Every structure is written in structure tokens, then in C-alpha cells.
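Enquirer:
Number of protein chains: 2
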Amino acid sequence: MGRVTIRDVAERAQVSTATVSRALSGAKPVSPAVVDQVRRAADELGYAGNGIASALRRSRTDTVGMVVPSIANPFFTGLVEHVEHALQDVGRQLFLCSSRSDPELEAQRLRSLVARQVDGIIISPVHGSLSTTAVRWAADELPLVQVDRYVTGVDSDWVGVDDDAALELVMEHLADRGVRSAAFVSSQLTNSSTELRGAGFRRHAARLGIAVRERDVLLGEYSIEWGRQAALALLAAGPRPDAVVCADDLIALGMLQACAAAGVDVPRDLLVTGFDDIPFAALSHPPLTTVRQPQAEIAAEAVRLLSRVLGAQEAPPARVALRPSLTVRSSTSR
Amino acid sequence: MGRVTIRDVAERAQVSTATVSRALSGAKPVSPAVVDQVRRAADELGYAGNGIASALRRSRTDTVGMVVPSIANPFFTGLVEHVEHALQDVGRQLFLCSSRSDPELEAQRLRSLVARQVDGIIISPVHGSLSTTAVRWAADELPLVQVDRYVTGVDSDWVGVDDDAALELVMEHLADRGVRSAAFVSSQLTNSSTELRGAGFRRHAARLGIAVRERDVLLGEYSIEWGRQAALALLAAGPRPDAVVCADDLIALGMLQACAAAGVDVPRDLLVTGFDDIPFAALSHPPLTTVRQPQAEIAAEAVRLLSRVLGAQEAPPARVALRPSLTVRSSTSR
DNA sequence: CGGGGTCGTGCAATCGATTACCTGAACGGG
DNA sequence: CCCGTTCAGGTAATCGATTGCACGACCCCG
């Protein structure tokens, strides 16, 4: 297990370490015969190189870090998958961290990524303001792109979905279905995208003449469990609204389950919508009408923006809001 | 963005770099006054350290790599979350890679992790034999623990669930429900756990007098989509078995959806079981009876085994098969 | 045949932190 | 008051790969 180094290879191939390095990386021309000799020596010794040493010298690791609030949420894992895919095309690896929706942990992850000298960071920050300090610091240290959510007060690229447009789609769809009153179930409005969804909900409800009672706006967290609890609270509290707009699919799925358990028929008695269009949204009973996020595009754009900065091209921070679309399923069709 | 190094801190604090290093790491005693001075200097300069340089010198990174076949599958993401949790307690960070069920990509990830000098690797190998070479090589280079699945011919620790016992639970449960014939829908039997599940299915079916027709054993991949397709194939092909045993929950959920669409009532017309007990298994229609994997325990044990090896304690490779349990829901209750 | 250019290779500095070894001061006991 | 011990802190080697610079061989053209 004693690691084999470039010196060992050099010795065996009867050349200098410089030549070995050049032969293997192809950075500078080396005569074919020598390349062959070196390759053989490296193979015979099982030379694997030392990425750490290489990273130290070149001060780049060909690695980007990604920090997401949760890896239990299929929306984020989908995003991660696409990012990983996109990165592979530009020859980089992904270093994934979960901040578990904790700004403290998030700051720690960021510090760790910076210390590990990743070439850049893609982050979906936990909190609109509590995350600011750490994100700003990281953005000062190296290229950083925010996805899905962003914190205020940091000049960095951002790419996500147009949340207001998304809620416009949802609310107009509901209005078309004859909805006159609606509830909104969400996590706390402590990050940009959630906040924008809440604002969009209210704005478009007002515009379309859909009534919103204050007690029908329920804020908890992005989880199935919260969806269940919110459903119970909603059903227990007097007259039902015509529809429930959920800020993500996990909440909506929990809501659907609790409704079924309580004998409330969706969509006959109540319409329900979600957000993200995770794979499981098609499997619920009834299948969920939800906003489809263009995950692949978001990921590709994030990687593109990061590469741009990595290529040292100075440019004003970009804010890219992609158009969402609506996937209509049975949870809103009578 | 010019990084601040230990020399800068040393200069500002009027001490040597050695002292800075010791003051910040606490490796050797440094007078409180100097520690304070150094701390202040480091703070003022925003010193973040260089993990790469440190790693090179100490030849450890306090990082472990994890390679899973898919990060779209909630079973693996659940595992990853628990592993990350457990690692945090021992002061290490997780470097997550997805092999996307491709042995080639998996080998590449392993090479990359070794080059990055992670301290150890936790892997759920893609393929029982195609993964062997890469896994063996990696296991030679550094401590390695296999989880869930294992490859043949590598002496490494493994921790997972007792698949035979799991299928015993499933089949006995089905027998109790009066099932006389069953189908098995799975991915290809090209990895250890899937293979063991298939074998367990047959063994316990035979033992309990449950009939299994060859054409009712359908092998595809671990995905919702394959579950759907298998359902169609199964329903199209003459007389239905009494039950369908699925090798994971994704397949089972796809199966349930396709059954509902085809007007087959589960559990009245057909019983369906899954494997893993992912969060979404409780949300389907009907809720899914499935084998619960003790994810937290698997993760904790994997980390424990890895720490054992990292602590240089030589020991024979351990194979830890944890007991699964059965979560009974409506998909098998008449 | 000589001068300028190209090309392959080696030497040694370098990246930034850690640490083995050394130095000098302070201190305590005989 | 002297010598051995202790301890803080400095000097410089080290981890392994990359790369600027230099050197020698060879080629081409005038």
C-alpha cells in the first residue's frame, strides 16, 4: 500500500520526473518512444498519481462543489444529477454537500469546500438572509453560482425558475377550473424562491378574484409530513377553500395522502397543486398537477455560467430566470 | 482574491509559520498570548487555510468518498444522508459520486477518489463481476467498505441487509394472505443483493408451496418506468398470479400505477410488495407493503467499519447482514 | 560550413502547510 | 550559584507533482 510516486516511475523508465509528468499529461511534446517507456513503467507500477500534490502545484482541482439544502428532496437530487452530467462534459467532478437546511452547517460546508480548493461552487442557499455572510465570503474566494434560490446582497450569478410566472400558470389554471378561493401551503418564506411563490400566489389570486383567507396560508417546511399536518389543520378549520396551492411536491403529496385518509375526494371536493414535478408526482392518488421545473436547463446554465467565470471572463452577474410550465394531472381536473 | 497563506498570517502576527500552524491546530502547546495574537491576525486577514497543502503534508484529507449507482433512488439518498450524518460525528466530510449504474463510470469515480486521496471509500458497487477489478484495485489502495451490494472476490468489509431473511418475511406474509402463485419483478440479477433477492424469492416460494411461472419472472432495471412496463407485460400475459413481489419500491410504485390505470384493483385482484420502504412507499395508492431496510444502522455500521480500518486496526473483513423488517400496508391487505 | 532555430530532456524552484530537530530562556534543586 | 530539565518557538526539510529555465543535439538555409 506504499503509494507509488512519480519518482518511482521516473526511475524505472530511466528518465526525469519532469519527463514523466509531461509524458503522462501531454502538456509538452515528448518523443513517442519515451512516452511509451513511461506509460509502460507507470502501468507496471500501478501508478495512480497524487491529485493532491498536483492540485497544490496547479492550484486547481478540476472539481466543483455543490451545496443543497437537502438530498432527500427529489427536486434537488434531480438537479444534482443533471449538474453532475453537465460537469462531466467539461471534465470536472462534483463534490456534493448537504446543508440539511441549517445555515450553520451550510457555512461549515462552504468553508470546507473553499479549503479544499474546489474550482467553483454551485449552491442553493438555505436562507435568504442568514446564509448571506457565508455565501458572500465564499463568492469572494472563488467563482460561485446560485441555483433555485439566492441570497440578497451577494453579487453572483443566479439561475432558477421564474416563480412569479409559475404561480401565474397555477392560478390561471385554477381560475379556469372555477376556483373562487384558495389556500397556500409552504415552508417558511425565508428564502427567495419560497418568498416569490408566496408573493406570486397572493398577487395572482387578487388579480383573478380568488379569495385568500389569512388562516389558509400555512407555513411550515418542505416535507411530506408538513403537508399532512397542514391538511389536517386546513380540514379542521371550518369551510374548505376550493383549492390548495402547495409550494412544493412533497407538501402536496402529504396533503393528498391526508385528504384521502380524511375522506376528502380530490379533485371533487378540493383541487391540489404542487411545484417541481418530481417523478413521484405522477404516482400519487390522484396524480398531481404541478409546475414543471426545467431541471436540465437550470443545471446546464449553472455549469455554463460557472465555466464562464472559471475561464476568467469578467462579466456582470447574470440572473437567469427560466420559464416553467404546468403539468396538468387529475388533482385539478373534475 | 489572492489567497492569504500561513506566511501572511505569520508575518502579521510577528511569529514563524510553524507557530501559526501550531497555534491554530493546537498540535503543540503555544503560549496563550501568542495564540491570541495569531487568531486575531488570521481573522483580520480572513485566513482560510489551504486544505490541499495540508492534505499533501499529512497525507490525509479527513474526507471519505462514497459511490452509489444512482442518486435518483431515494433508497440511496437516504443511505447517503445517514452516512453523512455519521461521518460528521467523526469529523469527516463526504465526497459523493454517482456511478449511474455504469461500471465504466464507476471505475473512473474510484480512480478519481483515490487520486484525491480520500481517507476511505464507501461503495455500493454496480455490478457483481464487472465492478470487481476497479473495486479490488481501490480496496488495495485504501480502506474500503461495501454497502448494500458487494462484488465477489474482494476481501473487504460489507454491510447490508439480510436479503434472504427479507424475502422470507415477504413470502410468509403473502402465504398468510392465501397467495398461491407469485411473480417477481426486478432489475437484472447482476449484483449481489438483487441476486440474493431473486434466490430468496424462489427458495421461499418453493418452501411455502407458492407457484412461480418462469414467464412471471421479469428482469429489467430499478426504475418506476420498468415497473410500469413489467405491469403491462404481466397483465397482458394470460392468467394473473395472486401477487407480485418487486425487488425495490420504485418498481413496485410503477407497478401500482400501471395496475390502477389498467383497472386492476390492488389488493383485491392482486397483491404487490416492494423493497426498501422509501418515504414515497406510504403515499401510493394503495400504500405499499414493503421491506424496511435499517438505513441508519447500515450507515452507522459502515462508518464504524471504516473508522476501524482507518484506525489501522487490522482485522478480518467483516460481513454484517442486518435484519430487515416488514412494513405492512394496504397493498397486501384485503 | 557556420549561425539561428527547433525540439526533447533535465535541473531545480515552487505550491502551502506540517513537523523533526534545534536553540535559548526560564526555572528549580542541590 | 551552577547544571539539568522543561518548554516555547524558530529553522528548514518534507509531502509529490508541475513548470520556468537552461542545455545540448540536430536541422535547415544561406
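Protein sequences, first through last, are from chains A and B. Here the first sequence is numbered in my numbering, starting from 1 and rising by one per residue. Here the second sequence is numbered in my numbering, starting from 335 and rising by one per residue. Think of the CB as a built atom: it goes at the ideal place given N, C-alpha and C, for glycine as much as any other residue. The model shown is predicted, which means the values in this text are computed figures rather than measured ones.
Against Ala72/A, what residues of chain B qualify as contacts under a CB-to-CB distance less than 8 Å, listed in chain order?
Expert: Within chain B, the residues near Ala72/A are Pro408, Thr411, Gly412, Glu415, Pro613.
Enquirer: State the CB to CB distance for the pair Gly534/B and Glu502/B, rounded to an integer number of angstroms; the pair is presumed to be in contact (CB under 8 Å).
Expert: 7 Å between Cβ atoms; contact.
Enquirer: When DSSP labels each residue in this structure, what does Arg653/B get in the three-state scheme?
Expert: Looking at Arg653/B - three-state DSSP - the assignment turns out to be strand.
Enquirer: Can you check whether the CB of Cys580/B is closer than 8 Å to the CB of Phe614/B?
Expert: For Phe614/B and Cys580/B, no; Cβs fall outside 8 Å.
Enquirer: Over what stretch of residues does the beta strand (DSSP E) that includes Ala183/A continue unbroken?
Expert: Segment 182-187, the beta strand (DSSP E) holding Ala183/A.
Enquirer: Could you please tell me which residues of the stretch 117-146 of chain A, in chain order, have their CB closer than 9 Å to any CB of chain B?
Expert: Answer in chain order: Gln117, Trp137, Asp140, Glu141, Leu142.
Enquirer: Taking any Cβ of chain A, which residues in the stretch 500-526 of chain B have a Cβ under 7 Å from it, in chain order?
Expert: Answer set for the stretch 500-526 of chain B: empty.
Enquirer: List the residues of chain B that Leu96/A touches, going by C-beta distances under 7 Å, in chain order.
Expert: Going along chain B in sequence order, the residues near Leu96/A (Cβ under 7 Å) are Leu430.
Enquirer: Going by DSSP, what residues sit across from Ser432/B in a beta bridge?
Expert: DSSP, once it has assigned bridges, lists Val402/B as partnering Ser432/B.
Enquirer: Return the Cβ separation of Gly78/A and Leu306/A in integer angstroms, given the expectation that the two are a contact with Cβ distance under 8 Å.
Expert: Not quite, the Cβ-Cβ distance comes to about 18 Å (not below 8 Å), so this is no contact.
Enquirer: What number of angstroms, rounded off, separates the C-alpha of Thr351/B from the C-alpha of Arg341/B?
Expert: In a straight line, the C-alpha of Thr351/B is about 6 Å away from that of Arg341/B.
Enquirer: Would you report the Cα separation of Trp471/B and Leu644/B, rounded to the nearest angstrom?
Expert: Answer to the nearest angstrom: the Cα atoms are 18 Å apart.
Enquirer: I believe Leu87/A touches Ile386/B by the beta-carbon criterion, under 8 Å. Please report the beta-carbon distance rounded to the nearest angstrom.
Expert: About 20 Å separates the two Cβ atoms, so there is no contact after all.
Enquirer: Which ranges would you report for the beta strand (DSSP E) in the stretch 143-222 of chain A if only whole runs of at least 3 residues count?
Expert: You should have 144-147, 157-161, 182-187, 217-220.
Enquirer: Tell me, please, which residues DSSP counts as bridged to Gln422/B.
Expert: Its beta-bridge partners do not exist; DSSP assigns none.
Enquirer: So is Ile340/B in contact with chain A if we call contact Cβ pairs under 8 Å?
Expert: It does not; no Cβ of chain A falls within 8 Å.
Enquirer: In chain B, which residues lie less than 8 Å from Arg58/A when you measure between Cβ atoms?
Expert: Neighbours of Arg58/A on chain B: none; closest Cβ ~10 Å, over 8 Å.
Enquirer: For Arg626/B, list the residues DSSP reports as bridge partners.
Expert: Paired residue(s): Asp610/B, Ser659/B.
Enquirer: Starting from Ala577/B, trace the beta strand (DSSP E) both ways and give me its first and last residue.
Expert: Element bounds for Ala577/B: 577-580.
Enquirer: Alpha helix (DSSP H) containing Gly254/A: first to last residue?
Expert: First-last of the alpha helix (DSSP H) with Gly254/A: 249-261.
Enquirer: Please state whether the Cβ-Cβ distance between Val147/A and Ala315/A is less than 8 Å.
Expert: Not a contact, by the Cβ cut-off of 8 Å.
Enquirer: Taking only three categories from DSSP, how would you classify Gly120/A?
Expert: Strand.
Enquirer: Using a C-beta to C-beta distance shorter than 8 Å, which residues of chain A count as neighbours of Val424/B?
Expert: The premise fails here: Val424/B is roughly 15 Å from chain A at the closest Cβ pair, so nothing lies under 8 Å.
Enquirer: So if I threshold CB-CB distances at 9 Å, which residues from the stretch 188-220 of chain A count as touching chain B?
Expert: Answer set for the stretch 188-220 of chain A: empty.
Enquirer: Using three-state DSSP, classify Thr332/A as helix, strand or coil.
Expert: Thr332/A: helix per DSSP, three-state reduction.
Enquirer: Which of the three DSSP states, helix, strand or coil, is assigned to Gln427/B?
Expert: Three-state result, Gln427/B: strand.
Enquirer: I need the boundaries of the alpha helix (DSSP H) containing Val114/A, first residue and last residue.
Expert: Its alpha helix (DSSP H) spans residues 103-115.
Enquirer: Quick one, are the C-beta atoms of Leu232/A and Ala258/A less than 8 Å apart?
Expert: Their beta carbons are under 8 Å apart, which means Leu232/A touches Ala258/A by this criterion.
Enquirer: Mind checking if Leu253/A is an interface residue toward chain B, Cβ cutoff 8 Å exclusive?
Expert: Chain B contact via Cβ: present.
Enquirer: Where does Val424/B land, buried or exposed, given buried means 16+ other C-beta within 10 angstroms?
Expert: Val424/B comes out exposed.
Enquirer: Quick one: what's got a C-beta closer than 7 Å to Glu631/B's C-beta in the same chain, skipping five residues either side?
Expert: Around Glu631/B: Leu656.
Enquirer: Buried or exposed for Thr290/A, going by 16 or more other Cβ atoms inside 10 Å?
Expert: Under this definition Thr290/A is a buried residue.
Enquirer: So, with DSSP's three-state summary, where would you put Leu605/B?
Expert: Strand.
Enquirer: How far does the alpha helix (DSSP H) with Arg373/B in it extend, from its first residue to its last?
Expert: From DSSP, the alpha helix (DSSP H) with Arg373/B extends over 366-379.
Enquirer: Between Ala500/B, Thr339/B, Ala449/B, which has its C-alpha nearest Thr5/A's C-alpha?
Expert: Ranking Ala500/B, Thr339/B, Ala449/B by Cα distance to Thr5/A puts Ala449/B first.
Enquirer: Quick check on DSSP: helix, strand or coil for Thr61/A?
Expert: Reduced to three states, the DSSP call for Thr61/A is coil.
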